[in-house]
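Residue numbering for the sequence shown follows my numbering, starting at 1233 and increasing by one per position. Just so it is clear, CB atoms sit at the ideal spot from N, CA and C, and this is done for glycine as well. It should be emphasised that the depicted structure is a prediction, and the values quoted were computed from it without experimental measurement.
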Amino acid sequence: MKQTQEQINQLLNEIACEYNVKKLQSRKTKPCKKPPKPGAAQGNCPFEGAMVALGPITDVAHLVHGPVSCTRNPWGSRGSLSSNSQLYQMGFSTDLGENNIIFGGEKKLDKAIQEIAHRYNPAAIFVYATCVTALIGDDIENICKQAAHQVGIPVIHIDAPGFLGSKNLGNRIGGEALLEYVVGTAEPEFTTPLDINIIGDYNVAGEIWNILPLLKKLGIRVLSKITGDAHYQEICYAHRAKLNVVICSNVSLQMAQKMQERYGIPYIEESFYGVENINHCLRNIAAALGEQYLQERTEWLISEETEALNIALSFYRSQLQGKRIVLYSGGVKSWSIILAAKNLGMEVVAASDRKNTQDEKVKIKQLLGQNGMVLAKGSPKALLQAIEDTKADILVAGASNQYTALKARIPFLDVNHERHHAYSGYIGMLTMAKEFYEALYSPVWEQIRQPAPWD
Ligand code: SF4
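So, in structure tokens, the structure goes:
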């Protein structure tokens, strides 16, 4: 789908955010239509954002139309797991060279689509534009339309080249493409009054698998997972759900809001991290679905799960009590982990509020309390300063920050896309406690904090 400037502005403009709506109404301050600054795409570009949002759809072939180096940018950076097809893990690229840039890459794209369709039999092919193919003016939209007729499966153009802006914009463009071309194109075999969609969970390290059994115990069916461990078909009938549960508000709220407008599906914003949040999430789902005995079943499940978890956590709580955390993450994790840490008796003394909606930013400030520090920057220098100022015991961040923690000679816990442990749900809380314990009590810290023999 070719993005017009008006569509991009709409995607940048957070209509579900009350602060932004106030800004729009007052007309005194500019709403959140941040145009990209030169260099803004460095590191995380919209193409990568779209790949991150759509890449977890497991039986789709994700074809990158551009130089092969673009393919490498997001590929493998997110550990979304699949219970079924592994096709999404293949790195398909048209691998444009200099000749294609001069004479156009349309023929190469058409050939790649045909070959993928015949050799891999995917449920659909998503074709991602990149800076180069958008700049040379390849008519990707048209090629996709023609090829879809020939190969007999949906071929969808994802127009999120790097120069458009931020990674979050790419996430939203991905959601927009699903709404435009996928949602509502098929019907489920049957529906139930307890059908829900989960939007904004990408099944990193298998996190959705900690949640699905809980919902199943309550008799709730997840009709569509958008997009962690999803297959293409289930997203086609997402319009038949009775409720959308939004996990990563910053990137998924607009999709949920548009589904409410188009299909009348209400939505709630929730988190799967931390006992308080998961309890809150289950209660809110039960209340929103409104089935007579569901709320009773939910209370029973919560008390059973929390009782078992409290027993399992007692040792870890005694060891983690009073430990101080500097948290540098984004999205739903920022405020969820503050709550999860509190539950373990730990304290987040500094946290970032990047990639958060205004509502989430307010929540983070409240949770940090008066003495908590909001991190505006995430440079190694800023993080080292925050660690020193707060006398933190551990840095919780993405894998790229682990060397910052090593420089400060403090433990590190990875909570971002590359993590290998699932922290969602009750069982995830126990995993998180174990990981904190192992990181903090590793004997290596005692050794590396001793002065070097030559000092
Ligand atoms: S789309 Fe553009 S910004 Fe993104 S990886 Fe490719 S060249 Fe870089």
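Query	Result
Asn1316 beta carbon less than 8 angstroms from that of His1190	Nothing about residue 1190 can be read from this structure; the chain reaches only from 1233 to 1687.
Where Leu1367 falls, given that 16 or more other Cβ within 10 Å makes a residue buried	exposed
Spatial distance of Thr1303 from Phe1324 (CA atoms)	8 angstroms
Exposed unless 16 or more other CB atoms sit within 10 angstroms - verdict on Pro1683	exposed
Paired residues, beta bridge with Arg1556 - DSSP	Glu1579
Burial state of Gln1237 (16 or more Cβ within 10 Å)	exposed
Cα-Cα separation between Glu1618 and Arg1556, rounded to whole angstroms	In the sequence under discussion, the amino acid at residue 1618 is Ala, which differs from the Glu named in the question. Straight-line Cα distance between these residues: approximately 12 angstroms.
Spatially closest choice to Cys1513 from Gln1378, Glu1536, Tyr1525 and Val1478, by CA coordinates	Val1478
Thr1362: CB within 7 angstroms of a non-hydrogen atom of ligand 1	yes
One or two residues paired with Ile1357 in a DSSP bridge	Ala1293 and Val1387
Neighbour flag for Leu1521 against chain D, beta carbons, 8 angstroms	Absent from the structure: chain D. Only one protein chain is present.
When Glu1670, Thr1636, Phe1395 and Phe1335 are compared against Asp1371, the one with the closest alpha-carbon	Phe1335
Exposure label - Tyr1548; buried when at least 16 CB within 10 Å	buried
Coarse secondary structure for Glu1373, derived from DSSP in three states	helix
Host alpha helix (DSSP H) of Ala1671 (start-end)	Gly1657 to Leu1672
Beta-bridge pairing of Phe1644 - partner residues as DSSP gives them	Leu1627
Close-in-space but distant-in-sequence residues of the same chain around Ala1273 (CB under 7 angstroms, 5 per side omitted)	Because the pLDDT of Ala1273 is 48, which lies under 50, any placement of that residue in the model is unreliable, and the number read from its coordinates should be weighed accordingly. The residues are Gly1394 and Phe1395.
Closer than 7 angstroms: Phe1324 CB and nearest ligand 1 heavy atom	no
Proximal residues to Tyr1443 (C-beta, below 7 angstroms), its chain only, five neighbours per side dropped	Residue identity differs from the one stated: residue 1443 is Ile in this sequence, not Tyr. Answer for Ile1443: Phe1504, Ser1656 and Gly1657, listed in chain order.
Cβ contact check for the segment 1289 to 1296 and the segment 1453 to 1469: 3 or more pairs under 8 angstroms	yes
Beta-carbon proximity list for Thr1636, same chain, < 7 angstroms, skipping 5 on both sides	Pro1612, Leu1615, Leu1616 and Leu1627
Contact check, Ala1409 vs Cys1468, beta carbons under 8 angstroms	no
The alpha helix (DSSP H) enclosing Thr1622, as first and last residue numbers	Pro1612 to Thr1622
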